[in-house]
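Residue numbering for the sequence shown follows my numbering, starting at 1 and increasing by one per position.
Heads up, the beta-carbon is just placed ideally off N, CA and C, and yes, glycines get one too.
For clarity, every value in this text was computed on a predicted model and none was experimentally measured.
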Amino acid sequence: IPPGELLSPGMMLTIGFCAAAPICFLSGGLFALAWELFCAGEKGEESSISVYLAESLGAGAGGLVFYFILLPLYPSFAGSLLLIVFLLAGAMVCGAGLKYPGKLLCSLLAAAILIMACISFSYSDRVDLLTRRMQWGKSFLQSRDTAYHNLVFLLDSGQFSLFSNGLWLFSSPDPQSAEPAAYLPLLEHSDPERVLVIGDYSPELVGEVVNHPGIKSVDCVQPDAEATAFISAVLPRSPVEMGGDRRVRVWRMDPKRLTRGAAIGYDVILLSAGEPVNAEMNRFYTVEFFARMKSLMNPGGLFSFGVAASPDIVGPKEAVLLKSLYATLREVFGYILVLPGENVRFIASQDGAGVAKDPQVLVDRMRARRLDLRYVQDFFLLDLFNPVRLAYMESIMHAGPPARINKDFEPVCYLYGLGLWGAQLHLAVGRFLGFISGGVPSWVPVGLGALFVVFVSVLLAKGGSSYVVAFNTGVCGAVLIVIEVVLVLVYQIIEGSVYRQMALIISLFMAGLAAGSALVRTLRGTGAHRLFMIQIGLAAYLGALYLLFSVFRGSVLDNLGHDAMLLLFSALAFFAGMFGGGQFCAAVGCTEKVRGAGLYAADLIGASAGALAGSLFFLPVLGIPKTLLTLGFACLTASATLLKNRTS
């Protein structure tokens with residue numbers, strides 16, 4: 001896989017299947033085998049939910065061990081070796097009292113693997129480095145995992161390149177990119193003194209800003225202290241290092257938490273956080289984030305960022321993304337100047353006062369400020385501000401149907417970025433992503449809902465109890481997997497860092513499964529009655545999430561600290577898991593025709609379908625709040641099939 005290249009859908013599916021299939025096959029088979037062995041005893045089918053309880057407890061405990069011990073103390077390869085040692089040791093202990101053919105050979109093989117894993121653990125750092133070199137090639141230099149990123153430095157022909165989670169972040173030295181990013185907005189301002197740089201970890205952009213005459217302070221918002229330390233250790237010492245100039249201050253916080261109470265007003269704000277190709281980057285290009293940046297600006301201040309595009313002729317997929325960014329900016333700022341080039345640069349201001357389209361004005365300012373630059377020179381400005389090129393960019397922004405506004409919980413730029421990626425990979429993929437990114441007609445979700453209601457009606461009229469229970473178990477599995485995705489996505493949108501916290505959120509969800517399976521027995525009534533009440537409770541939980549993420553977001557979520565936010569989302573995951581565990585165990589007591597292993601399969605099939613439909617359709621098309629309402633509708637509608645068996 002070339003560095004920085006997004007994988008094709010086929011390659012993604014192949015790698016995902018090959019990586020997950022072995023453990024998934026073994027895990028599912030072990031669960032079914034354990035269930036059947038337990039049922040063969042005296043306790044019977046319903047008491048076999050202890051198997052489900054044990055599996056959920058083990059998953060939750062394993063996740064907590066991973067989050068609190070393995071993740072902070074060991075690299076990924078060393079952690080994998082520790083898991084191998086634990087599993088083999090457990091298997092040897094469990095099989096010690098059993099008699100079966102080939103026991104001696106199996107024991108010797110397990111012991112040999114155990115010894116090899118223990119020996120490899122002492123060389124885990126070297127093995128990890130070797131695998132990184134195999135992944136990235138000869139130019140690989142160093143790598144590090146932080147709370148926000150998997151960072152990899154490449155060194156090729158004297159130029160350092162940093163990749164974050166596989167995507168290119170910056171290169172150094174790279175004055176051809178740093179000069180326009182810094183000086184175009186600074187030259188557009190009549191007298192810039194205070195500058196805010198967001199998300200850029202390269203010292204080059206800050207160095208160019210500091211070299212501009214008249215700059216009194218430069219604030220850099222960099223939430224990942226580990227990344228800053230890693231970059232400082234790898235890159236050569238620069239004339240202006242982070243913290244080496246008294247005018248430069250570094251804020252260790254997420255940019256979304258930067259408020260006027262924590263910082264001064266700024267004349268120019270430069271955003272350099274990568275392009276909106278995923279949820280992590282999209283959060284910096286929403287109407288909510290732009291409004292926060294506007295609140296930090298002085299009167300006459302400028303806000304600027306760049307997005308890669310074709311330098312001369314902008315393609316239709318690129319145009320859709322650029323139009324969405326422009327429309328989102330227009331929701332907040334009164335004036336936006338769009339400059340063409342390999343990086344289309346947006347310069348936004350409150351009213352456009354002082355922003356010049358005449359290149360001669362910028363040339364005069366550059367001479368008056370005695371700037372001697374390598375790339376931003378007279379001929380560069382004259383070509384960039386050519387009236388024909390500016391008019392071409394202006395026509396792109398206003399051509400065709402209006403673009404959708406990019407919001408925190410309706411991340412359309414992320415979808416547009418995927419559409420651009422899909423068009424580059426395969427025509428059919430590009431058409432599909434382009435169709436849903438353009439806004440699906442209202443009849444599509446309405447039609448899907450109508451089909452779901454018809455199916456439920458047929459099942460209610462003619463379906464047997466076993467089919468009804470399996471259907472509700474599948475629906476619950478689909479709903480819960482989408483809830484997990486929503487919780488992780490919303491946490492990342494608000495906090496930014498989810499690279500490590502995701503382990504804790506999912507661990508608490510699994511612990512909730514165990515708690516729900518233990519508590520379901522305390523509910524009164526028949527199995528169908530308990531199942532019905534749990535489904536109604538899950539729908540109410542989805543309604544509460546909708547209110548939290550829409551109505552009460554400003555009064556609750558935006559005012560929580562980092563630790564309180566992590567605690568809240570972990571608790572939300574725990575309660576969601578309780579509904580899942582309770583639903584499964586209540587379903588086991590509803591029918592004798594479908595055994596626990598069959599219900600487990602229905603649960604996983606529903607979860608797989610929910611993950612695909614949620615990530616590829618509902619979340620990107622409907623947004624998070626409407627997706628939650630859709631899930632609630634599915635729960636309520638599916639629960640109607642339980643009404644006739646509720647009192648039986």
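In or out: Val218 buried (at least 16 other Cβ within 10 Å) or exposed?
That one is buried.
Counting beta carbon pairs with one atom in the region 535–548 and one in the region 183–199, are three or more of them shorter than 8 Å?
Result no; under three Cβ-Cβ pairs closer than 8 Å.
Alpha carbon to alpha carbon, how far is Asn386 from Leu321?
Straight-line Cα distance between these residues: approximately 23 Å.
Can you tell which of Gln535, Met502, Phe455 has the C-alpha that lies nearest to the C-alpha of Thr473?
Nearest option by C-alpha distance: Gln535.
Taking all protein chains shown into account, decide if Ile506 is buried (16 or more other Cβ within 10 angstroms of its Cβ) or exposed.
Classification of Ile506: buried, given that the 10 Å Cβ count is 16 or more.
When you compare the CB positions of Cys118 and Val65, do they come within less than 9 Å of one another, or not?
Not a contact, by the Cβ cut-off of 9 Å.
What first and last residue would you give for the alpha helix (DSSP H) that runs through Asp125?
First-last of the alpha helix (DSSP H) with Asp125: 124–136.
Counting along the chain, where does the beta strand (DSSP E) carrying Tyr266 start and finish?
Residues 266–271.
Can you check which of these residues, Pro175, Ala20, Gln142, is closest to Leu373 by C-alpha distance?
It is Pro175.
How long is the line joining the alpha carbons of Ala597 and Gly580, rounded to whole angstroms?
Distance between the alpha carbons of Ala597 and Gly580 is about 16 Å.
Looking at the structure shown, is Glu484 part of a helix, part of a strand, or coil, going by DSSP?
In the structure shown, Glu484 sits in a helix (DSSP, three-state: H, G or I).
Residue range of the alpha helix (DSSP H) that Asp383 falls in?
From DSSP, the alpha helix (DSSP H) with Asp383 extends over 378–384.
For Arg260, count neighbouring C-beta atoms within 10 Å of its own C-beta (all shown protein chains included) and say buried if the count is 16 or more, exposed if not.
Unreliable positioning characterises Arg260 in this predicted model, as indicated by a pLDDT of 47, which lies under 50. The coordinate reading is nonetheless provided below. Result: exposed.
Go to Cys585, then tell me how far its alpha helix (DSSP H) extends in each direction, as first and last residue.
First-last of the alpha helix (DSSP H) with Cys585: 562–588.
Are the beta-carbon atoms belonging to Ala348 and Leu329 less than 9 Å from one another?
Going by C-beta atoms, Ala348 is nearer than 9 Å to Leu329.
Leaving out five residues before and five after Pro75 in sequence, what residues of the same chain have Cβ atoms less than 8 Å from its Cβ?
Excluding residues within five positions, the ones whose Cβ falls inside 8 Å are Ser124, Asp125, Asp128, Asp145.
Give a yes or no on whether the minimum CB-CB distance between Val210 and chain E is below 9 Å.
Among the chains in the structure shown there is no chain E, since it carries only a single protein chain.
Run through DSSP, which three-state label would Phe549 get?
Reduced to three states, the DSSP call for Phe549 is helix.
For the beta strand (DSSP E) containing Arg249, list its first residue and its last residue.
Segment 248–251, the beta strand (DSSP E) holding Arg249.
Based on DSSP bridge pairs, tell me the residues matched to Arg524.
Beta-bridge pairing links Arg524 to no other residue.
Exposed or buried, what is Ile69 when buried is set at 16 or more other beta-carbons lying within 10 Å of its beta-carbon?
Ile69 is exposed by the Cβ-count criterion.
Just to confirm the assignment, what range does the beta strand (DSSP E) spanning Leu162 have?
From DSSP, the beta strand (DSSP E) with Leu162 extends over 159–164.
Quick one: any contact between the region 602–609 and the region 510–522, if contact means 3 or more CB pairs under 8 Å?
Too few Cβ pairs lie closer than 8 Å, so no.
What does the alpha-carbon distance come out to for the pair Val412 and Phe617?
Whole-angstrom Cα-Cα distance: 12 Å.
Roughly how many angstroms lie between the CA atoms of Cys635 and Ser517, to the nearest whole one?
Going by the C-alpha atoms only, they are around 19 Å apart.
Give the straight-line distance between the Cα atoms of Gly352 and Asn278, rounded to the nearest whole angstrom.
Going by the C-alpha atoms only, they are around 31 Å apart.
Which one of Val520, Ala368, Val469 has the shortest CA to CA distance from Thr641?
The shortest C-alpha separation from Thr641 is found at Val469.
Report yes or no: do three or more beta-carbon pairs, one from the region 573–589 and one from the region 477–486, lie closer than 8 Å?
Flag = yes, the region 573–589 and the region 477–486 touch.
For Lys317, count the other beta carbons within 10 Å of its own beta carbon; 16 or more makes it buried, fewer makes it exposed. Which is it?
Result: buried.
Please report the distance separating the alpha-carbon of Ser615 from that of Val51.
Rounded to whole angstroms, Ser615 to Val51 spans 30 Å at the Cα level.
Take Glu394 as the anchor and find which of Val344, Gln360, Gln350 has the nearest alpha-carbon.
Considering only alpha carbons, the answer is Val344.
For the beta strand (DSSP E) containing Leu196, list its first residue and its last residue.
That run of the beta strand (DSSP E) goes 194–198.
What are the start and end residues of the beta strand (DSSP E) that includes Ser217?
Element bounds for Ser217: 217–221.
Does the beta-carbon of Pro239 have 16 or more other beta-carbons within 10 angstroms, so that it is buried, or is it exposed?
Summary for Pro239: the model assigns pLDDT 48, below 50, so the residue's position carries little reliability, and this model does not support an answer.
Have a look at Asp563 and Ser570 and give me their C-alpha separation to the nearest angstrom.
Each residue's Cα considered, the two are about 11 Å apart.
CA-CA distance, Arg249 and Cys220?
Approximately 6 Å between the Cα atoms of the pair.
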